[in-house]
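Just so you know, the protein sequences line up as chains E and A, in that order. With our numbering applied, the first sequence closes on residue 109, and no number is skipped along the way. With our numbering applied, the second sequence closes on residue 219, and no number is skipped along the way. We put the CB at the ideal spot given by N, CA and C, even for glycine.
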Amino acid sequence: GQQVMQIPQYQHVQEGEDFTTYCNSSTTLSNIQWYKQRPGGHPVFLIQLVKSGEVKKQKRLTFQFGEAKKNSSLHITATQTTDVGTYFCAGGSNYQLIWGAGTKLIIKP
Amino acid sequence: NAGVTQTPKFQVLKTGQSMTLQCAQDMNHNSMYWYRQDPGMGLRLIYYSASEGTTDKGEVPNGYNVSRLNKREFSLRLESAAPSQTSVYFCATRGLQPQHFGDGTRLSIL
């Protein structure tokens with residue numbers, strides 16, 4: 001079946017360093033969505049990418065959708081303590097999403 | 110406030126007991142979903158309802174049943190709970206934009 005692989009599982013950064021997480025799908029995706037989940041919380045929608053090669057920015061966050069619509073990335077510039085959490089990608093059809101396992105962003109003390 | 114409400118927030122069951130998790134939304138969304146989230150994993154879809162009166166299996170439906178009672182409510186039932194069903198359960202809805210989640214039910218099966 002369709003799978004979405006997300007790496008790395010964890011990333012430890014110093015505050016102010018950059019963070020990147022990558023998603024790869026076994027099949028072409030109609031769209032990809034990104035969510036953030038704070039510890040103990042629920043996933044919160046960040047953005048949706050639909051077009052091949054699409055790049056979207058939200059302040060320090062940059063989201064990319066690959067040309068083949070099979071991979072995506074989220075890059076955070078100059079991380080802050082408020083960025084802590086797990087970032088998930090999710091891709092799929094109109095009704096069903098297949099979720100990556102998430103990348104946990106940890107800020108080193 | 111508009112949103113997705115799940116009850117209960119926490120529950121401990123013994124193996125073999127049954128339970129229904131409740132989800133209600135006031136966002137007037139057609140689609141509703143039940144997911145489970147296990148440690149270190151993403152969300153796995155159990156069942157979904159594209160609209161009132163319809164339900165479909167997701168990735169991991171075994172051991173669960175659902176009811177879309179009306180447009181607002183979508184319940185998840187465990188008929189005979191097993192330790193492997195220990196998890197955090199999230200209900201979500203979807204309108205024109207992607208999914209909105211409830212706060213989750215933390216379920217432990219002993």
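Residue i versus residue j: straight-line alpha-carbon distance, rounded
{"i": "glycine 66 (chain E)", "j": "tyrosine 173 (chain A)", "result": "36 Å"}
{"i": "phenylalanine 214 (chain A)", "j": "asparagine 31 (chain E)", "result": "Residue 214 (chain A) is actually threonine in this sequence, not phenylalanine. Roughly 28 Å between the two C-alpha positions."}
{"i": "methionine 136 (chain A)", "j": "valine 113 (chain A)", "result": "8 Å"}
{"i": "leucine 118 (chain E)", "j": "leucine 29 (chain E)", "result": "Chain E is shown only over 1 to 109; residue 118 (chain E) falls outside these bounds and no answer can be derived."}
{"i": "valine 121 (chain A)", "j": "serine 193 (chain A)", "result": "13 Å"}
{"i": "glycine 92 (chain E)", "j": "histidine 138 (chain A)", "result": "19 Å"}
{"i": "lysine 70 (chain E)", "j": "glutamine 126 (chain A)", "result": "42 Å"}
{"i": "tyrosine 10 (chain E)", "j": "tyrosine 142 (chain A)", "result": "27 Å"}
{"i": "aspartate 83 (chain E)", "j": "alanine 159 (chain A)", "result": "33 Å"}
{"i": "aspartate 165 (chain A)", "j": "glycine 204 (chain A)", "result": "17 Å"}
{"i": "asparagine 171 (chain A)", "j": "alanine 90 (chain E)", "result": "22 Å"}
{"i": "tyrosine 157 (chain A)", "j": "glycine 167 (chain A)", "result": "7 Å"}
{"i": "arginine 38 (chain E)", "j": "glutamate 17 (chain E)", "result": "19 Å"}
{"i": "proline 8 (chain E)", "j": "lysine 57 (chain E)", "result": "21 Å"}
{"i": "valine 13 (chain E)", "j": "isoleucine 107 (chain E)", "result": "5 Å"}
{"i": "glycine 41 (chain E)", "j": "tryptophan 99 (chain E)", "result": "17 Å"}
{"i": "methionine 150 (chain A)", "j": "lysine 59 (chain E)", "result": "28 Å"}
{"i": "alanine 201 (chain A)", "j": "proline 109 (chain E)", "result": "34 Å"}
Per-residue DSSP class, three states only, for residue i
{"i": "glutamine 9 (chain E)", "result": "coil"}
{"i": "glutamine 80 (chain E)", "result": "coil"}
{"i": "serine 30 (chain E)", "result": "coil"}
{"i": "serine 160 (chain A)", "result": "coil"}
{"i": "glutamine 96 (chain E)", "result": "coil"}
{"i": "serine 127 (chain A)", "result": "coil"}
{"i": "serine 193 (chain A)", "result": "helix"}
{"i": "glutamine 3 (chain E)", "result": "coil"}
{"i": "aspartate 165 (chain A)", "result": "strand"}
{"i": "lysine 108 (chain E)", "result": "strand"}
{"i": "arginine 145 (chain A)", "result": "strand"}
{"i": "alanine 201 (chain A)", "result": "strand"}
{"i": "leucine 178 (chain A)", "result": "coil"}
{"i": "alanine 101 (chain E)", "result": "coil"}
{"i": "asparagine 139 (chain A)", "result": "coil"}
{"i": "histidine 209 (chain A)", "result": "strand"}
{"i": "asparagine 71 (chain E)", "result": "strand"}
{"i": "asparagine 171 (chain A)", "result": "coil"}
{"i": "leucine 187 (chain A)", "result": "strand"}
{"i": "leucine 49 (chain E)", "result": "strand"}
Proximity below 8 Å, CB of residue i to CB of residue j
{"i": "glycine 102 (chain E)", "j": "threonine 81 (chain E)", "result": "no"}
{"i": "serine 222 (chain A)", "j": "leucine 216 (chain A)", "result": "With chain A represented from 110 up to 219, any question about residue 222 (chain A) goes unanswered, as that position is not in the structure."}
{"i": "threonine 116 (chain A)", "j": "arginine 186 (chain A)", "result": "no"}
{"i": "glutamate 15 (chain E)", "j": "threonine 79 (chain E)", "result": "yes"}
{"i": "threonine 20 (chain E)", "j": "leucine 105 (chain E)", "result": "no"}
{"i": "glutamine 64 (chain E)", "j": "valine 55 (chain E)", "result": "yes"}
{"i": "glutamine 3 (chain E)", "j": "serine 26 (chain E)", "result": "yes"}
{"i": "glutamate 207 (chain A)", "j": "phenylalanine 45 (chain E)", "result": "The question names glutamate, but residue 207 (chain A) in the sequence shown is proline. Yes, Cβ-Cβ distance for proline 207 (chain A) and phenylalanine 45 (chain E) is below 8 Å."}
Cβ neighbours of residue i in the same chain (closer than 8 Å, five flanking residues each side left out)
{"i": "valine 169 (chain A)", "result": "Arg145, Arg153, Leu154, Ile155"}
{"i": "glycine 162 (chain A)", "result": "Arg177"}
{"i": "arginine 181 (chain A)", "result": "Ala133, Gln134, Asp135"}
{"i": "serine 52 (chain E)", "result": "Phe65, Gly66, Glu67, Ala68, Lys69"}
Contact set for residue i: own chain, Cβ-Cβ below 7 Å, skip 5 residues either direction
{"i": "serine 184 (chain A)", "result": "Thr129, Leu130, Gln131, Cys132, Val175, Ser176, Leu178"}
{"i": "aspartate 147 (chain A)", "result": "Ser196"}
{"i": "phenylalanine 199 (chain A)", "result": "Tyr144, Gln146, Leu152, Phe210, Gly211, Gly213"}
{"i": "tyrosine 35 (chain E)", "result": "Pro43, Val44, Phe45, Leu46, Phe88, Ala90"}
{"i": "lysine 123 (chain A)", "result": "Leu219"}
Sequence-distant residues of the same chain with beta carbon closer than 6 Å to residue i, five excluded per side
{"i": "alanine 140 (chain A)", "result": "What sits at residue 140 (chain A) in the sequence shown is serine, not alanine. For serine 140 (chain A), where only same-chain residues beyond five positions count, the Cβ hits under 6 Å are Ala159, Arg203."}
{"i": "phenylalanine 119 (chain A)", "result": "Arg215"}
{"i": "tyrosine 22 (chain E)", "result": "Ile7, Ser73"}
{"i": "glutamine 33 (chain E)", "result": "Gln48, Ala90"}
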